Structures are given as structure tokens and as C-alpha cells.
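Below is one structure; the comments refer to it alone.
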């Protein structure tokens, strides 16, 4: 069939088909679905082709940049391509979470977070992958599900993904820092010194726009997407307080923060 030949010769079209499905919010016709499914080996083989790997990564970024990326990633899962491209995400399918905090399984939550993320494609990719460490860290204790330190394993797994697709260092570090820091927990009793350490750790002050509108800061965009992906309101009063506190502390200790940041990053 024409479709089989086309995809066998250029298997990154599988991701493009997923993207078109997401852009139009429509199901993939069965003959294209079968053509994709029949050529999964070609897709796997091309992961050893440097030029093709770059094309695949770009297609994945375009997919997360659509208005409904979940549609495309569900197709990739159903057709069997996600297990080849992003097995770490595919392993999240059906992994139940504590219903007191999450209404979805890990896979559905990751897709929902990506759908609800208002940031650019790199932030949306971080939203998609931020919880991939949960399947391995899942523990059931006294009937309660926990994923202790899942962000640490998620960071390691995401690093593997970035290496798989030869993602450039700048984009890779950006995604990794978002994933590794997404579990931050602000407490109103924090001292100014603790707020300063947070500012330096996440490099918050290095982007001028964050001082004009803190809600545009990538880590906070990811937090809102994470909450929306759990079926919760994106913002909380505590988060609003935190953003105001950061602005206050930064204005008070601006020079010291910049010096500390340069010393820390220079080590």
C-alpha cells in the first residue's frame, strides 16, 4: 500500500500524523493507523540515524505545541510508537495515583498537564515528562500511594530522553531544571535567606520578564499546568504570596543575589 511505503521510508511521519490529529482534534483513519503500526520497526531503526533523530525531536516539539497534544500522544500510545519514542512516558499508562490528590493515572495526568500548559514548547515538553519517574518510585503503604523523590528519578529519565534525541545543551538544561525543581514547596515561614536560595537555584532573576510578571516564569507555568492536570485550580493564594515575596526579597537584596548567583554558577 502507498501509506505503508511512505511511512516505511520516512517513519517520523508517524509523529507528524499524531501532530495533525492533535491540531485538528480528529481520529486518525484506520488505514493510516495500520500503516503506522506495521512500520514500527522502521521507526525503531531510525533512532540510530542522527538526521532522523533530529527530525523526530522537532516533530515531538511541534506536537506538544498544538492546542490538544494529548490527542496525538494517545494515538502514539495506541499505535505502539510511544513505547519506542518515549518508553518512560508510555510506562506511566495505567499507573494509579492517590485519589486524594489526583483524579487521573500518571499517564493521563501528564497529558492533561501538557494540554493545560501555557508556556512554549520546551515548557510543555517538561510538563509532559515531569512525572515519568513515578512508575518506578510508586509505593503502597497502609493503602496509601506515594512516589517519594520521584522528581529525582524523573530528572534522570528525562536526561536519557534528551540524550536519545541529541537535544542541544541549552534546551536540554532548560527542560531538566524544570523537571528537577517542579516539586518545590514554599512555606510562609521561610526566612529571606531561604527565598534567596530558591531564587538562585532556579535562576529566576536572570530573566527580566519574570520581574514584570512572575506568572510568566517557566517553573511557575509548569506548576499551574501540573495543578490543572490534577483537576485543580491553577493558582493558589499561597503561590500568589510566594510570587509577591520573591519580588520583595529580590528588590531588597538584588546586588547580593546577583553576586551569589554568579559565584554559584561559576563553581
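In this note's numbering, the protein residues as written are 177 to 443.
Note that beta-carbon positions come from the ideal geometry of N, C-alpha and C, so glycine has one too.
These figures come from a predicted structure and were not determined experimentally.
Can you give the Cα-Cα distance for residue 311 and residue 355, rounded to whole angstroms?
16 angstroms
(request) Could you check if residue 349 is buried or exposed, using at least 16 other CB atoms within 10 Å of its CB as the buried criterion? (result) exposed
- request: Please confirm if the stretch 177-192 is in contact with the stretch 244-263, defined as three or more CB-CB distances below 8 angstroms between the two stretches.
  value: yes
| said: Looking at the secondary structure, which residues open and close the alpha helix (DSSP H) in which residue 193 lies? | reply: 189-200
Buried or exposed: residue 427, going by 16 or more other Cβ atoms within 10 Å of its Cβ? exposed
### Message
Rounded to whole angstroms, what is the Cα-Cα separation between residue 222 and residue 293?
### Response
30 angstroms
- Message: Just verifying my parser: in three-state terms, what is the DSSP assignment at residue 412?
- Response: coil
- Determine the burial state of residue 324: buried for a count of at least 16 other Cβ atoms within 10 Å of its Cβ, exposed for fewer. exposed
| Can the beta-carbon of residue 274 be found less than 8 angstroms from the beta-carbon of residue 218? | no
Note to self: Within a Cβ cutoff of 6 angstroms, which residues of the same chain sit near residue 406, ignoring the five residues on either side of it in sequence?
What the structure shows: 278
Local conformation of residue 246 per DSSP, three classes: helix
Q.
Using a Cβ-Cβ cutoff of less than 8 angstroms, which residues in the same chain neighbour residue 229 once the five nearest sequence positions on both sides are dropped?
A. 222, 223, 340, 341 and 342
*asked:* Which residue wins for smallest C-alpha separation from residue 380, given the options 419, 185 and 250?
replied: 419
Item to complete: Quick one: residues in its chain with C-beta nearer than 7 angstroms to the C-beta of residue 238, no 5 flanking neighbours on either side, listed in chain order?
Response: 195
For residue 333, which option in 200, 261 and 363 has the closest C-alpha, if you only look at C-alpha atoms?
261
Straight-line CA distance for residue 234 to residue 241? 11 angstroms
Thinking C-beta only, is residue 376 closer than 8 angstroms to residue 422?
no
### Query
Looking at residue 227 and residue 402, is the spacing between their C-beta atoms short of 8 angstroms?
no
- If you check the beta carbons only, do residue 247 and residue 197 fall under 8 angstroms apart? yes
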